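Only one structure is covered here, and it is reproduced in the block below.
In my numbering, the protein residues as written are 473 to 695.
See below:
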C-alpha cells in the first residue's frame with residue numbers, strides 16, 4: 473500500500489471518496505459506510521484518513537474483577553502500522569449488554585494513541601473526556617458521550633469489526649469527516665485517490681453548468 477496515495481485522500485470529503493469507491497464496482501454500494509448512529513464529535517477537525525487498527529471491547533458487563541488489559545498490545549499494533557509515516561485510524565467495536573453505553577476512550581488513552589500514530593478514533597459505543605481528547609488532537613467518531621464505564625473487558629485485537637453496519641478488516645483504510653465514514657478495502661486502497669479525483673472532476677463540470685446564469689430546469693429535464 474502506497475503511503476502517499478493514502479495520505480492524499482485527505483484532499484477530499486468522505487462522500488466524494490465513497491462515490492469513488494463505488495466506481496470501482498467491488499461491492500454492493502449499500503454497504504461499506506456508517507450511518508447516523510456514529511457521528512463526528514469534533515467536526516471542526518475536518519477529514520481524517522488512516523489504516524485501520526481494530527479491537528473489540530465490553531465495558532458494560534457487571535463485575536468487580538480485574539480483567540487483563542490489551543491496551544499496550546493495541547498501541548504496539550498502531551505503532552507498527554504507522555511505520556513509514558502511515559496514519560492510523562483506531563477502531564473499537566462495542567460489545568456487551570449495553571453496547572451503546574460502552575466507553576472505550578478517554579483523554580489518557582488518547583494521549584498514548586496519538587504517540588503511537590493514531591490520527592482518528594471510531595467506535596459504535598461512546599467515549600468521555602471530550603475536551604481533553606480534543607486538546608490531544610485525536611479526531612473522534614462515536615455514538616455519543618458518557619461520563620463513566622465499567623470494567624474494561626478487551627475481547628480481542630486485530631480482528632474484523634463491525635461499526636454501525638460497516639465491516640472493517642485490519643489494514644483496510646478508513647476515510648471520515650462530518651458526513652460519516654467509509655471503508656476502503658486494502659486491496660484497492662491505492663486506486664482510491666484517482667477514482668475520487670474522477671468523481672470530483674465530473675461533479676465540478678456538472679455543477680458549473682447547473683449554476684451558470686440562465687440555466688433552466690427544462691434544460692436539465694430535456695437532456
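Ideal Cβ placement from N, Cα and C applies to all residues, glycine included.
No experiment lies behind these values; they were computed from the predicted model shown.
Contact under 8 Å by Cβ, residue i with residue j
i           : j           : result
residue 624 : residue 536 : no
residue 588 : residue 610 : no
residue 553 : residue 521 : no
residue 513 : residue 602 : yes
residue 626 : residue 563 : no
residue 550 : residue 525 : yes
residue 473 : residue 661 : yes
residue 545 : residue 629 : yes
residue 594 : residue 504 : no
residue 565 : residue 606 : no
residue 622 : residue 534 : yes
residue 644 : residue 510 : no
residue 600 : residue 619 : yes
residue 615 : residue 572 : yes
residue 604 : residue 579 : yes
residue 556 : residue 482 : no
Endpoints, alpha helix (DSSP H) assigned at residue i
i           : result
residue 492 : 486 to 496
residue 669 : 664 to 683
residue 690 : 689 to 693
residue 635 : Unbroken run through residue 635 is the beta strand (DSSP E), 633 to 635; no alpha helix (DSSP H).
residue 475 : 475 to 479
Where the beta strand (DSSP E) containing residue i begins and where it ends
i           : result
residue 628 : 625 to 629
residue 611 : 611 to 614
residue 649 : 645 to 649
residue 656 : 652 to 656
residue 638 : 638 to 640
residue 698 : No statement about residue 698 is possible, as the shown extent of the chain runs from 473 to 695 and does not include it.
residue 500 : Counting along the chain, residue 500 falls outside any beta strand (DSSP E), and DSSP gives it neither H nor E.
residue 522 : 520 to 530
Residue i burial status per 10 Å Cβ neighbour count (16 or more: buried)
i           : result
residue 681 : exposed
residue 646 : buried
residue 484 : buried
residue 561 : buried
residue 648 : buried
residue 540 : exposed
Any chain C beta carbon closer than 8 Å to residue i
i           : result
residue 592 : In the displayed structure, chain C is absent; only one protein chain is listed.
(request) Can you check the region 537 to 604 for any alpha helix (DSSP H) of at least 4 residues that lies completely inside it and give the ranges in chain order? (result) Fully enclosed alpha helix (DSSP H) runs of 4 or longer: 543 to 553, 579 to 587.
(request) May I ask you to verify whether the region 481 to 496 touches the region 662 to 673, counting CB pairs closer than 8 Å and requiring at least 3? (result) yes
(request) Determine, using beta-carbon pairs with one atom in the region 649 to 669 and one in the region 484 to 493, whether at least three such pairs fall under 8 Å. (result) yes
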